[in-house]
Amino acid sequence: MAEYILHEASLALPDVFKDRTMNLFTLSDNGASEFTFVVSRASAKNEDKVHDAATRLVRELEITVPDFRLESSQMTSVDGLPAVELFYQFKNDNAIIFQRQTVILLGDHPGGQKMVCYIGTCPGEFSDYYHNQYQEIIRSIKFHKPAQTETREMLAADSQGPFFALDSESKELSVFENIQELYGHLSLQRAKEGQYLLFEKQGKPLSIAPVPGSQPLRYALWTTFADKSHHLLSQLSVCRQVSGSDPLDTADRIRKYLMAQRAE
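Everything in the sequence shown is counted per my numbering, starting at 11 for the first residue and increasing by one.
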């Protein structure tokens, strides 16, 4: 499960859910505001760099936003991480709107990335007064950096299972007898983009990552730093279908198996 801490409460969702939340902050309770600040989130490709994501975003804005004009684009940083700041204008109901948008990429369980955008909007003019407010907000951002007390380990090529792969699109849970069977059945590209949730025989989450020094570049399964909330037991409620042989051919049987593994 992924835990989301909201202003009023916290909630937990299975890891197949995609975070598309937006946060809107305004200076006015109703009507137009002279300055708004928005935080938006979207998926990004695992191999993307932040300038790639920003370039793609600009192209989308050029197509979808009336009279879009990019004023500037520059590399910057947010809490020590590379970012791109865009400044542009467009028209909305014949009014000129100015926006500053800072784009950053963050790791997203189980192995992909997410693009987070911090957007300041002003109608008519982005004055120094609001520019300073925007920069103060950006400087205040501190990302969560959980302590990593374990060492990631690469799984051996002859590792025995069962291994589990939950397809985040179809919600099908596949069971494999060994790691080579898993490698042979899954799409590497989709795995790199985080479209599978992968688990070892005790239900602990795994990630896919490059093998250091491999030429040509190869990928392998690795143990992760994920906490207990990302265990396979927390994901079974979203499974629509199980592809596995007896005795691990239903979600209930897999749940009983995992509970027995925990009890050992």
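For each residue, glycine too, the CB sits at the ideal point set by N, CA and C.
Among the options, the one whose alpha carbon lies nearest that of residue i
i, options, result
"residue 165", "234, 108, 130, 47", "234"
"residue 149", "187, 211, 89, 195", "89"
"residue 59", "69, 91, 75, 81", "91"
"residue 141", "95, 172, 126", "95"
"residue 244", "107, 207, 102, 80", "207"
"residue 117", "136, 65, 53", "53"
"residue 105", "132, 255, 190, 194", "132"
"residue 107", "114, 262, 129, 125", "129"
"residue 192", "137, 65, 168", "168"
Close Cβ partners of residue i (< 6 Å) along its chain, the five nearest in sequence each way excluded
i, result
"residue 29", "51"
"residue 71", "78"
"residue 202", "56"
Continuous beta strand (DSSP E) stretch holding residue i: start and end
i, result
"residue 150", "Looking at the DSSP string, residue 150 is not in any beta strand (DSSP E); the run it does join, the alpha helix (DSSP H), is 138 to 150."
"residue 94", "91 to 102"
The alpha helix (DSSP H) enclosing residue i, as first and last residue numbers
i, result
"residue 31", "From DSSP, residue 31 is part of no alpha helix (DSSP H); its letter is neither H nor E."
"residue 51", "Where residue 51 is concerned, there is no enclosing alpha helix (DSSP H), although the beta strand (DSSP E) it sits in stretches over 46 to 54."
"residue 191", "189 to 195"
"residue 162", "No alpha helix (DSSP H) holds residue 162; DSSP gives it neither H nor E."
"residue 60", "60 to 74"
"residue 199", "198 to 202"
"residue 263", "261 to 273"
Sequence-distant residues of the same chain with beta carbon closer than 8 Å to residue i, five excluded per side
i, result
"residue 152", "89"
C-alpha gap between residue i and residue j, whole angstroms
i, j, result
"residue 230", "residue 219", "6 Å"
"residue 271", "residue 212", "6 Å"
"residue 289", "residue 23", "Because the chain spans 11 through 274 in this model, residue 289 falls outside it and cannot be assessed."
"residue 39", "residue 222", "53 Å"
"residue 125", "residue 114", "6 Å"
"residue 145", "residue 228", "41 Å"
"residue 87", "residue 112", "9 Å"
"residue 21", "residue 11", "9 Å"
Nonlocal neighbours in the same chain, by C-beta distance under 7 Å from residue i, ignoring five residues either side
i, result
"residue 242", "174, 209, 213, 268"
"residue 36", "43, 46"
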